[in-house]
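In case it helps, mature numbering (1 follows the signal peptide of the UniProt record, and there is no 0) puts the sequence shown at residues -20 to -1, 1 to 92. Positions of the beta carbon are idealized from the N, C-alpha and C atoms, including for glycine. These notes concern the structure reproduced below.
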Amino acid sequence: MALRLLYTLFLCLFPSQVWSLTTSEQAAHKICSHFNGRYPNITFLSSSSQYEAQSTENWSETAWGKPTCIVEPTDTHDLQEMVRTLSYRGVHFAIRSGGHMPSVVRAGCRLV
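The structure is reproduced here in structure tokens:
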């Protein structure tokens, strides 16, 4: 369980000033679909019932982010594969570690 919390990946997108999807937003949606197909039990899309619970798990509401999807690797092999895929595709992501500061940036969720 600690490993799941420690290695929760947030595929974060920041709001765009444009109404249409940007290339980075499209890439994040595609990678979320890929992860959902490959890891359906540990990938939470914004349309899933578990997404809300996972995205608001931090103790402070000011630390809640709005990721495109949330992926909780169950072992280091899956984690390595996911990070490689994200890096190769150039998709920005953040890792939530459950920090104790009331800020998205300081709560252990770092954009990479």
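- Per DSSP, Val51 is one residue of the beta strand (DSSP E) stretching across Pro47 to Val51.
- If you draw a straight line from the Cα of Phe15 to the Cα of Val51, it comes to about 8 angstroms.
- One alpha carbon belongs to Ser35, the other to Ile11, and they sit about 18 angstroms apart.
- According to the DSSP assignment, Phe24 belongs to the beta strand (DSSP E) that extends over Thr23 to Leu25.
- Distance from the CA atom of Glu5 to the CA atom of Gln60, rounded to whole angstroms, is 22 angstroms.
- With respect to the 8 angstroms criterion, Asp58 and Tyr31 are not classified as neighbours on the basis of their beta carbons.
- For Ser13, same chain residues with a beta-carbon under 7 angstroms away, outside a window of 5 residues either side, do not exist.
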